[in-house]
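Numbering follows UniProt numbering, with no gaps: position 1016 of the sequence shown is 1016. Heads up, the beta-carbon is just placed ideally off N, CA and C, and yes, glycines get one too. In this text, all values refer to a predicted model and were calculated from it rather than measured experimentally. Heads up: the structure comes next, in C-alpha cells.
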Amino acid sequence: MGYQCSCYNGFMLAKQNGTCLDIDECLQPGQCSQNCTNTPGSYICSCFSGYAPDDNGICIDVDECVLAGICQHNCTNSEGSYFCSCRSGYALDANNYSCMDIDECKTNKRVCNQTCTNTLGSYSCSCNAGYMLGKDLTSCLDVDECAANGSLCSQICNNTSGSYYCSCYPDYILASDNRRCVYTDVCNASTKECAYMCGGNSRQCYCYAGCEAAGVNITYVQVSECSVRTGLCDNLCKVSGGAYDCNCSSGYAFAADNETCVDVDECSLNTDKCSQICINTNGSYFCLCDSGYYLSGDNITCFKQDECMKTNLRCSQLCSNISGSFACACRPGYVLAADNATCLYLDICLANTSICDQLCTTTVNGVFNCSCYAGCFGGNESDSYMYIEHCSEMSGLCDHACTAGNESYSCCSFGYYLASDNFTCLDIDECTLNKTICGQVCNNINGSYYCSCNKGFALSRDNKTCVDIDECSIIPKVCSQNCTNVNGSYVCSCNNGYLLEKDNTTCLDINECTATFNPCKHQCNNVNGSYYCSCQVGYILESDKVTCLDQNECTSNQSDCEHFCNNTDGSYTCYCRSGYSLSANLHNCSDIDECARNVSHCSHMCNNTLGSYICSCQTGYRLASDNATCLDIDECANSTNDCSQICNNTMGSYDCQCRDGYTLIPFNKTCKDIDECAMNISRCEQICNNTEGSYTCRCRSGYNLSVDNITCGDVDECVTNTSVCPDLCSNVIGSYVCRCPSGYILSADHSTCLDVNECAENTSKCDHLCNNTEGSFVCYCREGYRLAADNLTCNDVDECTENPSFCSGQCTNTEGSFYCQCLAGYVLNNWTCEDVDECSVASTHNCSHFCNNTIGGFNCSCYGGYTLAPDKVTCNIKDPCFQVPSPCGQNCTFANGTYKCSCREGYYLDPTDKATCRDIDECLGQNASFCEHKCVNLPGSFECSCRVGYALSIDGHTCSKTVTYNKCPCSCKTASIKPLTSAEQLQQVIKEIVAIQKNLTVEKTGITAYILTKQSANDDRTSTRSVGFVGLVIMVMVFVLIITPDLIMVMNIAKNYFKGDRKKSIKY
C-alpha cells in the first residue's frame, strides 16, 4: 500500500522529497487591492497611507478633512491624502498646516499709492494729509480744499498738490493765521505802512490823489479810495470798515469774471412788469403798448383807448371806434372824402343816373324824387323813393349784415364798400386812397388801417404823427459811457483809455500792457483806463514803480515751510528734518516710510512711525537689545509648547515628536498609539495583538511561540499522538495529514479514503469524454467522432463521405460535424433545400407592382396600363389613368394618347390644375332655398335639417313639428356598397388587398428552423484557421505542463508500489 503527500492550504508540494513549500500568494495578481505581505501559509493585505479597508477588504480613500482641526483654514481631500490651503491674504506655513498672514505691504510695495497698513488676511491703504483715497482703494487723489470748502480762505484760495494756500486781493495782506486778509490803510500816519499792491507780494510807498509828500518824510492824508481811484470798480464802489467793495448798479449783474458788470435783459428773462411790450435798455427797460392802447401813468399798464372820445378827432360827422383805431363815416346823402375824415354832400341822382326812369330830384336830407318829362305821367313812378328800407326785406341780398339807420340802410360793414354786383363787400384800402394819412408808415387791414413808425421813432398820441425817440434820455445806459442823440437814432462814444466795440455801444478798456511801450520789468496789470506794474511772487516793487527786488521770504515769515526755509532769488525752498521728506507741494514735510523703502535695519518686521520706525519680530522670535535683530524663542525650554510627549525647538517655532510606538497628530500635536499590527510593521510571524505603545505576538493552532516571542515552531501531532488518522499520519508544518492508497483520496473529514474521480478532476487523458470507475476510468467520444486504438484519442468522422445522400444540396464536412448548403433561391430546412419565396419579403424582390414566385427565383409583373421595363423590375405607365397615384383627383379617361380628368356629381374640376376635384357647396347656390330650415353641405352633396322641435319630412327638404318622446335621439344612416366605377377605386381596393397579404405573410428568417441553418457555418479563411490552430497549440501546451508532473509522479508511485517498496511510495 502506497501513500500520497499533500500540503495545507497556503502551501504546495515540492516536485521532490515530498516537501511543502509556502505559496507566495502576493505574486498572484488581484489578491490585495494595495499592499500584499506574504506569510507562511497565508498572506496579509494592508492599505497605503491615507487609505483604509472597507467591509469587503477593498482599500478606499480616507477623507482626512472630516477630522476637526486637521488644517487651520481649508482642507481639501485627495486620493490617498489631503492638503491644506489658506484663505485669501494668508500663506501656508512650512508645516503644511498653519496659515501665516501675508504682509502685502512688504511683498508688494506698490500695492498702495502712499501708506499701506497690513491687517490679518488683508491690508488697507491710506493717504497723507491733503489727499483722499480713490475709488480703487489704492491710489491717492489730491483733495481740492478750495472747492470742497469755500470758507477756508477769506479771499483767494489756491489749491496745491496735497495742500492749499490763501492769498489776498490788492491792498490786502494775509493775517498771521494764513487765512484772513487784512486791509492795509495806506494813510496810516502812525505806522507809515506802505500800501499792499495788487498782483504781487511786494509793497511800495506812494501817494494817492489827496495825499501829499513833504520832503523825505511823506505825510499821508486819508481819502476814500472810491473817490480817488475811479477805475477801482467796474460799476459801483463802496467803502466800508477801511476797505472797499465793488457792486453792480440796479439792472446790472457780475459777469463770469466776477468783476465786470453786464446788463440784465429783464425782457428776455421775463422779470419786467410790462403788461404788453417790453424794450430792454442798458441797466433797465421801458414799456410800450400795442396799437389802439395807451400807457397809463405807472408806465407799465396798457389801457384800450376810444379814439372817438379824443378832443382832436378829425371826423366831421360820424365816428366808429375799432380795435386800436377808429373810422369816420357820413350820414345818408354824404360820402367820405379822401382824408377819411371829411364828409361831402352826394347828389344821389347825379351819382346813380338809373335810379329814376326819367327825371330825378334830390333833397338835402338824401331823399330823391322821380318825375316824368312834360306831357308824360308816371303813376307810381312819380312817387317819392326813400333809402329807409326794412332790413327784413333785404334778407339774403347783403354780403355782410344789413344795418338800418334813420334815413338809410347799409349792406357792408364800416371800412368796406359795395361792389358792382350790389352784393359783395370789398375792403377800402385807406393807405392807397390817402398816402398822407400816416406820418411815416401806413398799414392797411380789412375794414381799417393803422399807422406805425420807422426804427428810432415813436407814434404820437394822434396815432399818425411820428416823433424822434431820445434814446440817450429815455433808455438808461444805452451807451456804456457817452451817448449823443441824433434824429431817429443815437451815437455812443468812449472816454480816454477805452475803445468802442463793434456793437457801437460798449466801451472796452484798452490794455496798455499789450503795447510795445510796456515799461514794467515783471508784470504789467491793466486797470480800467490805465495800468500799473507789479512784481512776481518773491519780489517787491522799487520806488520807481518799475524795478523788482528779491524778497527774503524766510526772514519775513512769508514762507509756508513746515520745517526749514532756504531763501533763493525770487523764491525760497523748503527742507525737512531727518526722517521726513519734502511733499509734492514743496512746503509740507511727509514722514519717510523707512519700512516701505527697505532702508530700515529690521531683521523681520518694520512698523513705520512719524520720523522714524520700530522693528518687531515674527511669532517665535523676540527682539534683541539692538531693537533690530530677532532672536529665536526656545519654546521647549520655557514650557510654552503644547507637545504631549517630546518637544524639539526650531528657528522661530518648535516641533513635537513622539516616543517609539506612537505617531504625531499634526493639527493638535498629540501622540497617538501606532497599531503595528494593522500597519503590518510588527515582526510577528503569525498573529499580532496591538498594545498601547507596542504589540505582542501569538501563533496559530499547530504552532508554539518560540522563546524570542516572535517566531512560531511546528507541533508534531503524529509523534504526540494528537492526530485522528486511523492508519497513516504525516506531520506537516503547523498541522498533520492522513494518507490514502493510490487511486483514493482523503475525504473532507481528512481521515476517510474515497475513490479518486479522475474524470471529475481532469487527471485522465481522455480526448473527449471520461467515465470514472472504481480506482480507474474509461474514455469515449462525442457524436461525430470515433475512439482511436489508444482508447484515449477521438478522430473526426467524415459524414459526407460515409453518407453522401444525407444532404439534398452540397455537403461540407467539419470537425466533429458537417453542414449542408443550398443554391441561390433556396433555403435549408432540416438538411433539405426548399425554394425561397422572394415575393414574401419586399426587400428581396424590389418589384414595382407584383412579384410572382418561381422555383429557385421570382419574376415581376405590372398593373393594367403598365409595362415591365427591361430591368424586369420597374413598371412603366402605359395608360396614365391606371397610374398609382392617379393623375386625376377622381375620374380619369384615357383616349387618343392623352387623358382627361372629370369629377363625380357634387364636385367641380379645379380650373387651375384641371385635376383636383373641389366640393360644390350646394347650400350657397340655388338649393339654399330648397331646404325649409337649414342646409348642411356635405362632400359631393348636401342635406337638409330642421330646427329643434321639427323633423325632416319624407321629401327631404320640408320640416314638420314633431311629437317629443322620452327616447334617445339617434342619427342613423343606411350603409350602401357602391360598385367600382373608376380606376381610382380599383387601385384603392388593390392597395388594401396587398396590405392584407403583407400582414398574413410569415417572415421565415425569424423561424427557429431557419436560424439553426445559419449556425456553425464553415469558415475557410486562412486567418481563421491560423487563429484556431494557435489556440489549439496553446491549450495543449497548458494541459501538458499541468498534467505531466502529476503523471510522472503517479507512474513512479505505481512503479514502486508494484515493486513492493510501499514506504518509498508513501513518502511521495
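Chain-order list of residues whose beta-carbon lies under 8 angstroms from that of residue i (same chain, five-residue window excluded)
{"i": "residue 65", "result": "71, 75, 76, 77, 82"}
{"i": "residue 496", "result": "529"}
Nonlocal neighbours in the same chain, by C-beta distance under 6 angstroms from residue i, ignoring five residues either side
{"i": "residue 610", "result": "591"}
{"i": "residue 485", "result": "470, 472"}
{"i": "residue 658", "result": "645, 664, 671"}
{"i": "residue 786", "result": "795, 797"}
{"i": "residue 683", "result": "710"}
{"i": "residue 1013", "result": "In this prediction, residue 1013 has a pLDDT of 49, which is less than 50 and means its spatial position is unreliable; what the coordinates show is noted afterwards. Here the set comprises 828."}
{"i": "residue 153", "result": "166, 179"}
For residue i: DSSP bridge partner residues
{"i": "residue 796", "result": "785"}
{"i": "residue 37", "result": "44"}
{"i": "residue 320", "result": "327"}
{"i": "residue 622", "result": "631"}
{"i": "residue 527", "result": "530"}
{"i": "residue 53", "result": "59"}
{"i": "residue 182", "result": "173"}
Own chain partners of residue i with C-beta closer than 7 angstroms, once the 5 adjacent residues on each side are dropped
{"i": "residue 321", "result": "306, 307, 308"}
{"i": "residue 109", "result": "596"}
{"i": "residue 102", "result": "89, 90, 91"}
{"i": "residue 734", "result": "8, 41, 700, 702, 703, 714"}
CA-to-CA distance, residue j to residue i, given in whole angstroms
{"i": "residue 661", "j": "residue 720", "result": "40 angstroms"}
{"i": "residue 1008", "j": "residue 866", "result": "Because the pLDDT of residue 1008 is 48, which lies under 50, any placement of that residue in the model is unreliable, and the number read from its coordinates should be weighed accordingly. Between residue 1008 and residue 866, the C-alpha separation is close to 40 angstroms."}
{"i": "residue 889", "j": "residue 960", "result": "40 angstroms"}
{"i": "residue 574", "j": "residue 136", "result": "32 angstroms"}
{"i": "residue 800", "j": "residue 1037", "result": "32 angstroms"}
{"i": "residue 902", "j": "residue 831", "result": "60 angstroms"}
{"i": "residue 541", "j": "residue 487", "result": "53 angstroms"}
{"i": "residue 7", "j": "residue 44", "result": "20 angstroms"}
{"i": "residue 881", "j": "residue 936", "result": "33 angstroms"}
{"i": "residue 434", "j": "residue 251", "result": "45 angstroms"}
{"i": "residue 526", "j": "residue 262", "result": "19 angstroms"}
{"i": "residue 38", "j": "residue 778", "result": "42 angstroms"}
{"i": "residue 752", "j": "residue 3", "result": "14 angstroms"}
{"i": "residue 616", "j": "residue 563", "result": "30 angstroms"}
{"i": "residue 133", "j": "residue 166", "result": "24 angstroms"}
{"i": "residue 740", "j": "residue 23", "result": "24 angstroms"}
{"i": "residue 1102", "j": "residue 1025", "result": "Missing from the structure shown is residue 1102; the chain here goes from 1 to 1068 and no further."}
{"i": "residue 742", "j": "residue 771", "result": "18 angstroms"}
Reference residue i, options the options, closest by Cα
{"i": "residue 835", "options": "429, 809, 813", "result": "809"}
{"i": "residue 18", "options": "137, 454, 317, 732", "result": "732"}
{"i": "residue 114", "options": "597, 126, 677, 340", "result": "126"}
{"i": "residue 95", "options": "104, 105, 84", "result": "84"}
{"i": "residue 112", "options": "97, 99, 128", "result": "128"}
{"i": "residue 556", "options": "539, 548, 545, 543", "result": "539"}
{"i": "residue 343", "options": "318, 99, 412, 359", "result": "318"}
{"i": "residue 1084", "options": "451, 464, 468, 450", "result": "Examination of residue 1084 is not possible in this model, given that the chain is present from 1 through 1068 alone."}
{"i": "residue 294", "options": "460, 860, 158", "result": "460"}
{"i": "residue 904", "options": "876, 941, 930", "result": "941"}
{"i": "residue 957", "options": "931, 613, 14", "result": "931"}
{"i": "residue 105", "options": "428, 93, 120", "result": "120"}
{"i": "residue 576", "options": "569, 570, 586, 567", "result": "586"}
{"i": "residue 450", "options": "425, 614, 415, 482", "result": "415"}
{"i": "residue 284", "options": "432, 427, 175, 479", "result": "479"}
{"i": "residue 258", "options": "618, 161, 247, 614", "result": "247"}
{"i": "residue 593", "options": "992, 579, 816", "result": "579"}
{"i": "residue 634", "options": "651, 626, 624", "result": "651"}
{"i": "residue 632", "options": "614, 653, 612, 336", "result": "653"}
{"i": "residue 140", "options": "147, 162, 157", "result": "162"}
Residue i: CB within 7 angstroms of a non-hydrogen atom of the ligand PLP
{"i": "residue 484", "result": "What this structure holds is no ligand at all, so the ligand PLP is not there to describe."}
Exercise for the section: Output the residue ranges of the beta strand (DSSP E) runs that lie fully inside the segment 662 to 737 and measure 3 residues or longer, sorted by chain position. Expected result: The qualifying runs are 662 to 665, 670 to 673, 687 to 691, 694 to 698, 703 to 705, 712 to 714, 729 to 732.
Practice task
Enumerate, from N- to C-terminal direction, the unbroken beta strand (DSSP E) stretches of 3 or more residues contained entirely within the segment 899 to 961.
Solution key: Residue ranges of uninterrupted beta strand (DSSP E) with 3 or more members, entirely inside the segment 899 to 961 and ordered along the chain, are 907 to 909, 917 to 919, 934 to 938, 941 to 945, 950 to 952, 959 to 961.
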